[in-house]
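*Asks:* Protein chains in written order, with this note's numbering: chain A, 924 to 1512; chain B, 563 to 827.
All C-beta atoms, glycine included, are put in the ideal place defined by N, C-alpha and C.
Please read all numbers here as calculations on a predicted model, not as lab measurements.
1) My output table needs one value for residue 772/B: the three-state DSSP class, helix, strand or coil.
2) So, under 8 Å CB-CB, residue 663/B and residue 1198/A are touching, yes? Tell me the CB distance rounded to an integer number of Å.
3) Specify, as a first and last residue, the run of the alpha helix (DSSP H) that residue 1076/A falls within.
4) Any idea what DSSP makes of residue 931/A, helix, strand or coil?
5) Quick one: Cα of residue 623/B to Cα of residue 805/B, how far?
6) Which residues in chain A have a C-beta closer than 9 Å to the C-beta of residue 570/B? List them in chain order.
7) How close, in whole Å, do the beta carbons of residue 973/A and residue 1431/A come, if the pair is a contact with beta carbons under 8 Å?
8) Mind reading off the beta-carbon distance from residue 1349/A to residue 1212/A? Whole number of angstroms is fine, and I expect it under 8 Å.
9) For residue 602/B and chain A, any beta-carbon pair shorter than 8 Å?
10) How about residue 1235/A and residue 1290/A: do their beta carbons lie closer than 8 Å?
11) For residue 1467/A, which residues from the same chain have a beta carbon less than 7 Å from its beta carbon, with the 5 sequence-adjacent residues on both sides left out?
12) Name the residue from 687/B, 730/B, 747/B and 587/B whose alpha carbon lies nearest to the alpha carbon of residue 755/B.
13) Scan the region 1148–1197 of chain A and note each continuous alpha helix (DSSP H) run of 4 residues or more that stays entirely inside, going in chain order.
14) Within the same chain, show all residues whose beta-carbon is closer than 7 Å to that of residue 1490/A, passing over the 5 residues directly before and after it, in chain order.
15) Measure the alpha-carbon distance for residue 584/B versus residue 1056/A and round it to whole angstroms.
16) Run through DSSP, which three-state label would residue 737/B get?
17) Under 8 Å, with one C-beta from each stretch per pair, do the region 1321–1333 of chain A and the region 1190–1209 of chain A reach the 3-pair mark?
18) Determine the chain A residues that contact residue 635/B at a beta-carbon separation under 9 Å, and present them in chain order.
19) Which whole-angstrom value is the C-beta distance of residue 1200/A and residue 1163/A, which I expect to be below 8 Å?
20) Nearest to residue 625/B by CA position, among 1427/A, 1028/A, 1231/A and 1159/A, is which residue?
21) Look at residue 757/B and residue 691/B and say whether their C-beta atoms are less than 8 Å apart.
22) By how many angstroms is the C-alpha of residue 651/B removed from the C-alpha of residue 1265/A?
23) From the DSSP output, which residues share a beta bridge with residue 694/B?
24) Looking only at C-alpha atoms, which of 1394/A, 1472/A and 1377/A sits nearest to residue 1441/A?
25) Alpha carbon to alpha carbon, what distance is there between residue 955/A and residue 940/A?
26) So, using beta-carbon positions, are residue 517/B and residue 593/B closer together than 8 Å?
27) Measuring straight from C-alpha to C-alpha, what distance separates residue 1081/A and residue 1019/A?
28) Are residue 729/B and residue 722/B touching if we call contact CB-CB under 8 Å?
29) For residue 789/B, which residues of its own chain have a beta-carbon under 6 Å away from its beta-carbon, when the five flanking residues on both sides are left out?
30) From the DSSP output, read off the bridge partner residues of residue 791/B.
31) Does the beta carbon of residue 760/B come closer than 8 Å to any beta carbon on chain A?
32) Residue 1501/A by DSSP, collapsed to three states: which one?
33) Taking a Cβ distance cut-off of 7 Å, strictly less, list which residues of the region 1227–1243 of chain A are near chain B, in chain order.
34) Per the DSSP calculation, residue 778/B is bridged to which residue(s)?
35) To the nearest angstrom, report how far apart residue 1515/A and residue 1033/A are at their CA atoms.
36) When we look at the beta-carbon of residue 1367/A and count the other beta-carbons within 10 Å, is it buried (16 or more) or exposed?
Right under this line is the structure:
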């Protein structure tokens, strides 16, 4: 499959500032743009989570300046219940779409995938540029909903119909804000479709000489499998959002059933199905979880061997696991709907593949553990986040065993147990993957090293902190604490409030620890120590070029690949590791 | 640094599991006939995942402790390579899946895939932003017909009944609390007027979404007398957190008296 001729260079180096830094066709600039967008979104999402945690711990707390942001949402700086739901909706939407999709997949994938396969750029640089700017427009539209009349939407990131589909009668935030949400997500889908097409084509067509599929780094495999999932998933969400927009603006009834009565008025809808939205949404929504986490699998499987100084136990098995998880992710969306009112028999059918997914996931964890065995692990900040990734992924994966069983989901569904589960397995694991990747590739991207001491402090505070925040949420869920509540007024929830306060205080600390990361990022960008071309003694192609790489990635050289991506700890003639581009033979021991 | 990671992770693991083992925060008392089976299923899953949690996290901690950057030591590969680990994972997790889903499906089927017993108490449930209303058929044993356009919250016509023209509707009992007799099967038929709501009583161990446009059945038998909270678990709008009602379980004779007193006025 790999092209015998090196990739044709599609465009020359740009001259003007705008073409160089703003409307750039260079995949490296676009990758950094995605990373920057994710940074802004994650900061916003983090602040929103702080506000939510303040409210959940102390309902009457006045939050300075909040009344300025939304006079109706926080009169006298005290948050209303509906504004809490709005912040929750925006937190999830920002984090899932604009952080967990853009950072691990679009940002790192854009920057590194072409370099790791030895290409000079993506297959379609113009599509690539459009992909980012379309995503940027989606972000602006979403942020606009904070400032429209009745405030941001409150239907959650899942936006279940008919709450999301009938318009302003459903309550505050369900007018213009909800429409902007649907428009934003529809635009976002277009951006990701363009991006994933590019990833797939680049991987299949632009690999340099000798770069067979089996020699691709596992990080590239992660982005490749993710892009296939993304192509199919966003292709389902896009029409769903279009139908939702039509329901809201053109008077159609795709998702609204007949006979809805709000404020004693019968709404003029008929023939729609609220469950149709759920099927379409989760047909996208479950694969989306893997869009967030699969790049993490790839990043960890690439970073871990580089610091362990040995091969991963079986890279073929890791590839097989990623592909099978991607495949299975399309058969399990119904496990979000066990108690939704769909046919209870289908719950049994959706349960089985959900449980089966734990097999490839377990295999991957065992392979990572087996890689650590007998290693000479260099515990840098990046390596710490890699082993931290394994820990949070194990914790998050195991709670999935409960939720995959309909007979337990009937008790645990929509409780904090679910919140704990998806934060560990998707949010935290993906974030740890992003951090591991950032500390690892920052020297390549910016030509400077990040500060290791700050990086380690960042790790310790984050690792201990996230367990303090999210582990107790399992206990809350087991006690039946319902999620998406703005206050805990039920008698049986009152004894749980002290635990909520503990979580809130922990969350303030974890959030503050992220400021260390932000500081490190910006300080190192300008004043960090100069990075060499290969500071980690790693083997993949990005370490065979300068830090940062020149415009065409390899300075006109056409690389030839001779080895697999992780020849560490080998008895070669000169070094204990062998670059993919090194022509020398490896002695087998 | 690896040693520190091993210690920190071991502490986190033991403390996390300790709170579960000690049941510091745990499920409330169970009050339904299917409760013990769900609880047993949860206990078995907890045991299986607990063993996996402790062993895998502690192995990770031990490897981090032991295999740091020690230049003296030669790099070792896992004995036997990846193959045995893969087989081990498939057999171990595969067995667990088969057992859990076989037992779990039977519990699930007994709640959701079997019809309610003959002679169950019929109760009609209407959910709306942000309240539950309950309707008993009254002495005639028949529910009046529902007309959405007649629904008026102001005059208490939550179900949209037409008592003037509909004989069946005249004696329907409409209340805000779900009162049921001890030990007698109850069959709910649930409707929603506006948004998706959900019926959740943690003590019953049952949760079920109520979707507008659908008639959703749910049945249970209460085994303990008392008053328990019914809460909404599906985001339904600004007052979602405050949407609740009560389930009151009474001995049969007190229940009969209660129902009679409700039909009287």
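*Replies:* So, to answer that:
1) Residue 772/B falls in the strand class under three-state DSSP.
2) Beta-carbon to beta-carbon, residue 663/B and residue 1198/A are separated by about 24 Å, too far to satisfy the 8 Å threshold.
3) Where residue 1076/A is concerned, there is no enclosing alpha helix (DSSP H), given that its DSSP letter is neither H nor E.
4) Residue confidence is low: residue 931/A scores 49 on pLDDT, short of 50, so the model does not pin down where it sits. No coordinate-derived value is stated.
5) If you take the alpha carbons of residue 623/B and residue 805/B, they lie about 45 Å apart.
6) Taking the beta carbon of residue 570/B as reference, the chain A residues within 9 Å of it are 1383, 1386 and 1387, listed in sequence order.
7) About 7 Å separates the CB atoms of residue 973/A and residue 1431/A; that is less than 8 Å, so the two are in contact.
8) The pair is a contact, with the Cβ atoms about 5 Å apart (cut-off 8 Å).
9) Not closer than 8 Å to any Cβ of chain A, the Cβ of residue 602/B fails to qualify, so no.
10) Cβ distance < 8 Å, so residue 1235/A and residue 1290/A count as in contact.
11) Apart from the 5 residues on each side of it in sequence, residue 1467/A sits with its Cβ closer than 7 Å to the Cβ of 1482, 1502 and 1504 in its chain, given in chain order.
12) Each of 687/B, 730/B, 747/B and 587/B was checked against the Cα of residue 755/B, and the nearest Cα belongs to 687/B.
13) If only complete runs of 4 or more residues are kept, the region 1148–1197 of chain A shows no alpha helix (DSSP H) anywhere.
14) Answer for residue 1490/A: 1462, 1500, 1501 and 1509, listed in chain order.
15) Answer to the nearest angstrom: the Cα atoms are 53 Å apart.
16) Residue state, collapsed to three classes: strand.
17) These segments do not touch.
18) Chain order gives the chain A residues near residue 635/B as 1297 and 1299, where near means a beta carbon separation below 9 Å.
19) The C-beta distance from residue 1200/A to residue 1163/A rounds to 7 Å, short enough to meet the 8 Å contact threshold.
20) Checking every option, the nearest Cα to that of residue 625/B belongs to 1231/A.
21) It is a contact, given that the beta carbons lie within the stated cut-off.
22) Going from the Cα of residue 1265/A to the Cα of residue 651/B covers about 33 Å.
23) According to DSSP, residue 694/B bridges with 689/B.
24) Nearest option by C-alpha distance: 1377/A.
25) In a straight line, the C-alpha of residue 940/A is about 16 Å away from that of residue 955/A.
26) Any question about residue 517/B goes unanswered here, given that chain B covers just 563 to 827.
27) Distance between the alpha carbons of residue 1081/A and residue 1019/A: 11 Å.
28) No; because the gap between Cβ atoms is not below 8 Å, this pair is not in contact.
29) So the qualifying residues of the chain are 808 and 810.
30) Answer is 808/B, bridged to residue 791/B.
31) Residue 760/B counts as touching chain A.
32) Reduced to three states, the DSSP call for residue 1501/A is strand.
33) Of all residues in the region 1227–1243 of chain A, those with a C-beta nearer than 7 Å to a C-beta of chain B are 1232, 1233, 1236, 1237 and 1240, reading in chain order.
34) Residue 778/B is bridged to 752/B.
35) Because chain A is modelled from 924 through 1512, residue 1515/A falls outside the range shown and cannot be assessed.
36) Result: buried.
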